[in-house]
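Asks: Numbering (the numbering used here), first residue to last: 218 to 802.
Glycine included, each C-beta is placed from N, C-alpha and C at the ideal position.
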C-alpha cells in the first residue's frame, strides 16, 4: 500500500465530501438492516398464533401489515441513501482521477527531452490512461465498498451481539480463515497485475508506433510480419490476463463457501441453544440466518475490493516511477525577464547523454539583436544542437550561453521560451484545423494576422485552394499536407508569435528554390529588428545573412560573410560551386 500513499493528498482535499459519504453510508446500512428485526417480530407473531397464544387473526394481520409497511419504508429510505452514497463516492473519485491525470500530464511537460528519448510514447500514454483508470477504481468503487463492508459488518455484529452473544462468536469463526486467504491471494494478484500492466504498455507502444509508421509498413509490404508481432504481443497479454483472472476466480467461491459454513454453524449451534433454552424464541435463529446472508455481499466484495486495490497498487507504482523523475532543467526564478535577443556562445561544449555523442566542442560566436546568423554544415555537425541549446532544451557541459549578456541559466525559463519562435526540421502539426495550427503561436490572433503570417510563409495560396480553406482539419502530425506545406505552416506559426528570436532549423528543405527565395525575402523584411538564426544545407538560404558559420564535427571551421567565405575558399566555396552547378543543370 506504500505506493498508494501518494493519493492521500487527494483524500485530504476531498475529506469533507468523503465524510458526508461515510455518514450517508452508515445511515443506508442501518436502514438496510432494520428490516431483519421486523421479520423476527413477524415470525414471533406467527409462532404465537400457531401456538394459540394469540387467537385473534385480525391482530396477527394488523401486526404483519404494520411490519410490512415498516420494511417497505426502511428499504426505500435505504435505497435513497445508497443512491446518495454512490453519487458522493463515485463523483469524488472522478474529481480525484481528473486531478491525478492533470498532475501526471503537468509533470510530463516539465520533464526534459532526455526523458522522452528514454521512454516510449505508448508507455507514457498507458500510464496516464489505463493506469490512472485502475487507480480510479480504488479511489471510487474500492473505497465505497470498503466503507460499505465495514459499516455493514459493524452494524450487523452489533445487532447480532445484542440478540445472542455466544452464537455471534460461533458465527465469526470462519473470518480469520478468510483474512489469511485474502492476504495470500492479494500478494499473487499484485504480482500478476504488475505484469498485465507492463504488457498493456507494450501493446500500446507497438500499436502507436505501427499507426504512426503505417506508410512505411505499407511501402515495405511488411503488414504480415507486423501482424505476427502484434499477435505475439496480444497472446502474451492474453496469457498474463488469464493468469490474473485465475487467481481472482478463487475469491467469490471462497466467500460463498465460508458464508455457507457460517450458515451451517448458525443452524447447528443456534438450534442447540434453542433446544437447551439458552435462546428463547426461534426468531433469533431466523434473524441470524438473515444477518449472515446479509454479510454475503460485503464479505464477498472483500475479494473484489482487494483485487482492485492490488491492481491500483501496481498501477500507482508505475505512475510513481515517472512522478519521481526530476526535470533536468528547472526554472531558476519566478520573476519574468525581458528578452531583447542578443545571443553569445562562449566555448560551449555539449554531449548527448543517451548516445554519448559530443555534438559541440568549444563553439563560440555572437549574434546581436536584429542580426541574422546562418549555420551550415554536414549532417551531424551540431547545427540543430545549437538551436536546442538556445531554447535551453538541454543544458551545456562546459562554457557559457549568454542572452542579452546574461547567463541563460539565470533567466526565467518561461520568459526565454516565449521570446523564441522555433521552426524544427521535422515540422510538427496537430490534428486540428490549419487556422488553429497557425494560431498555436498566438491564440488570440485575428484572421487578418493569420492570413498575413501565411502569406509571409508563402502558404496562403495553397490553403485557400483547399475546399475548406483555413478550416481544413489536418490528419495526425499534419499528414494531410505535403512536406513543404507542413514546413511553411510551421513557419507561419513562428512568425505570428512575433518573438524576439527566430530559429529556423533547415525548415525550407522541402520547398523549391523559387518558393524558398520568396519566403526568405519575406523573412528578411519581418526580421529586421529580430535576432534570426537559420540552419540550412543550402547556400541560397544563408548568403544574405549578416554572419555565416560553418560547422564540422561540432567545431566552427569557417566564419564570416558570404563574400568573405567565398574569398577564403574551403568547404563553403566548394558547396556554393556545387549547388550553383546543380541549379544551372
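Hey, quick one: how far does the beta strand (DSSP E) through residue 583 stretch, first residue to last?
Replies: The residue given as residue 583 occupies position 366 in the chain shown. Start and end: 575 to 584.
Asks: Just to confirm before moving on: does the CB-CB distance between residue 605 and residue 328 stay below 7 Å?
Replies: By one-based count along the chain shown, residue 605 stands at place 388. By one-based count along the chain shown, residue 328 stands at place 111. The answer is no: Cβ separation not under 7 Å.
Asks: Have a look at residue 506 and residue 354 and give me their C-alpha separation to the nearest angstrom.
Replies: For this step, residue 506 is matched to residue 289 along the chain shown. For this step, residue 354 is matched to residue 137 along the chain shown. The straight-line gap from Cα to Cα measures roughly 32 Å.
Asks: Would you mind sorting residue 676 into buried or exposed? The rule is 16 or more other CB atoms within 10 Å of its CB.
Replies: Along the chain shown, one-based indexing puts residue 676 at 459. Classification of residue 676: buried, given that the 10 Å Cβ count is 16 or more.
Asks: List, from N- to C-terminal side, the alpha helix (DSSP H) runs of 4 residues or more that fit wholly inside the stretch 228 to 308.
Replies: Counting only runs of 4 or more, we get 232 to 250 and 252 to 267.
Asks: Since residue 594 is in the beta strand (DSSP E), which residue starts that stretch and which ends it?
Replies: On the chain shown, residue 594 is found 377 positions in, with the first residue counted as 1. Per DSSP, residue 594 belongs to the beta strand (DSSP E) from 589 to 594.
Asks: Starting from the C-beta of residue 656, find all residues in its chain whose C-beta is less than 6 Å away, skip the five residues before and the five after it, and write them out in chain order.
Replies: Counting from 1 along the chain shown, the entry for residue 656 is found at position 439. 662, listed in sequence order.
Asks: Apart from the five residues just before and just after residue 478, which ones in its own chain have a Cβ nearer than 6 Å to its Cβ?
Replies: Counting from one through the chain shown, the residue named residue 478 turns up at place 261. Within the same chain, residue 478 has close Cβ partners 391.
Asks: How many angstroms separate the CA atom of residue 759 from the CA atom of residue 634?
Replies: For the purposes of this step, residue 759 is taken as residue 542 along the chain shown, with counting starting at 1. For the purposes of this step, residue 634 is taken as residue 417 along the chain shown, with counting starting at 1. Going from the Cα of residue 759 to the Cα of residue 634 covers about 24 Å.
Asks: Please say whether residue 559 and residue 616 have beta carbons closer to each other than 7 Å?
Replies: The sequence position of residue 616 within the chain shown is 399, counting from 1. The sequence position of residue 559 within the chain shown is 342, counting from 1. No.
Asks: Considering only residues of the same chain and omitting the five flanking positions on each side of residue 776, which have a CB-CB separation below 6 Å?
Replies: By one-based count along the chain shown, residue 776 stands at place 559. So the qualifying residues of the chain are 766.
Asks: With the cut-off set at 7 Å, would you say residue 166 and residue 287 are in Cβ contact?
Replies: A question about residue 166 goes unanswered here, because the residues of the chain that appear run from 218 up to 802.
Asks: Just verifying my parser: in three-state terms, what is the DSSP assignment at residue 639?
Replies: By one-based count along the chain shown, residue 639 stands at place 422. Strand, per DSSP.
Asks: Figure out for me which residue from 686, 300 and 705 has the closest Cα to the Cα of residue 670.
Replies: For the purposes of this step, residue 670 is taken as the residue at position 453 of the chain shown. The residue with the shortest Cα to Cα distance from residue 670 is 705.
Asks: So, is residue 699 buried or exposed, given that buried needs 16 or more other C-beta atoms within 10 angstroms?
Replies: Position 482 of the chain shown, counted from the first residue, corresponds to residue 699. It is exposed - the Cβ of residue 699 has fewer than 16 other Cβ atoms within 10 Å.
Asks: For residue 615, write down the residues that DSSP places opposite it in a beta bridge.
Replies: Start at 1 with the first residue of the chain shown, and residue 615 comes out as number 398. Its beta-bridge partners are 566.
Asks: I'd like the list of long-range same chain contacts for residue 697, defined as Cβ closer than 6 Å, with 5 residues on each side in sequence excluded.
Replies: Here residue 697 corresponds to residue number 480 of the chain shown, with the count starting at 1. Closer than 6 Å at the Cβ level, and outside the excluded window around residue 697, lie 691.
Asks: With H, G and I counted as helix, E and B as strand and the rest as coil, what does DSSP make of residue 353?
Replies: To locate residue 353, count along the chain shown from 1; it is residue 136. Residue state, collapsed to three classes: helix.
Asks: For a minimum of 3 consecutive residues, which ranges assigned as the beta strand (DSSP E) are wholly contained in the stretch 681 to 757?
Replies: Counting only runs of 3 or more, we get 718 to 722 and 748 to 753.
Asks: Report the residue from 500, 475 and 645 whose alpha carbon sits nearest the alpha carbon of residue 487.
Replies: Mapped onto the chain shown, residue 487 falls at position 270. Nearest C-alpha to residue 487: 500.
Asks: Please go through the same chain and pick out, in chain order, the residues whose beta-carbon is closer than 6 Å to the beta-carbon of residue 298, but skip the five residues on each side of it.
Replies: In the chain shown, counting from the first residue as 1, residue 298 sits at position 81. If we look at residue 298 and ignore the five residues flanking it on each side, its Cβ neighbours are 241, 244 and 245.
Asks: In whole angstroms, what separates the C-alpha of residue 587 from that of residue 431?
Replies: Against the chain shown, residue 587 aligns to sequence position 370. Against the chain shown, residue 431 aligns to sequence position 214. Their backbone Cα atoms lie some 43 Å apart in a straight line.
Asks: Within this structure, are the beta carbons of residue 640 and residue 539 separated by less than 7 Å?
Replies: Start at 1 with the first residue of the chain shown, and residue 640 comes out as number 423. Start at 1 with the first residue of the chain shown, and residue 539 comes out as number 322. Their beta carbons are not under 7 Å apart, which means residue 640 does not touch residue 539 by this criterion.
Asks: Report yes if the C-beta distance between residue 164 and residue 607 is below 7 Å; otherwise report no.
Replies: This structure gives no information on residue 164, because the portion of the chain shown stretches from 218 to 802.
Asks: Quick check: the Cα distance between residue 549 and residue 426, rounded to an integer number of angstroms?
Replies: On the chain shown, position 332 is the one that residue 549 refers to. On the chain shown, position 209 is the one that residue 426 refers to. Distance between the alpha carbons of residue 549 and residue 426: 36 Å.
Asks: Can we say the stretch 331 to 341 touches the stretch 378 to 388, given the rule of at least three CB pairs closer than 8 Å?
Replies: Touching, no.
Asks: Excluding the five sequence neighbours on either side, which residues of its own chain have a C-beta within less than 7 Å of the C-beta of residue 295, listed in chain order?
Replies: Numbered from its first residue, the chain shown carries residue 295 at position 78. Within the same chain, residue 295 has close Cβ partners 245, 248 and 249.
Asks: Among residues of its own chain, excluding the 5 on either side of residue 733, which ones have a beta-carbon nearer than 8 Å to its beta-carbon?
Replies: Taking the first residue of the chain shown as 1, we reach residue 733 at position 516. So the qualifying residues of the chain are 725, 755, 757 and 758.
Asks: From this set, 433, 688, 309 and 502, which residue's C-alpha is nearest residue 359's C-alpha?
Replies: Your numbering for residue 359 matches position 142 in the chain shown. Minimum Cα distance to residue 359 is reached at 309.
Asks: Just to confirm the assignment, what range does the beta strand (DSSP E) spanning residue 442 have?
Replies: Position 225 of the chain shown holds residue 442. Element bounds for residue 442: not the beta strand (DSSP E) but the alpha helix (DSSP H), 440 to 465.
Asks: Leaving out five residues on either side along the sequence, give the residues of the same chain with a beta carbon under 6 Å from the beta carbon of residue 563.
Replies: Locating residue 563 in the chain shown gives position 346, counting from the first residue. Correct list, in chain order: 581, 616 and 617.
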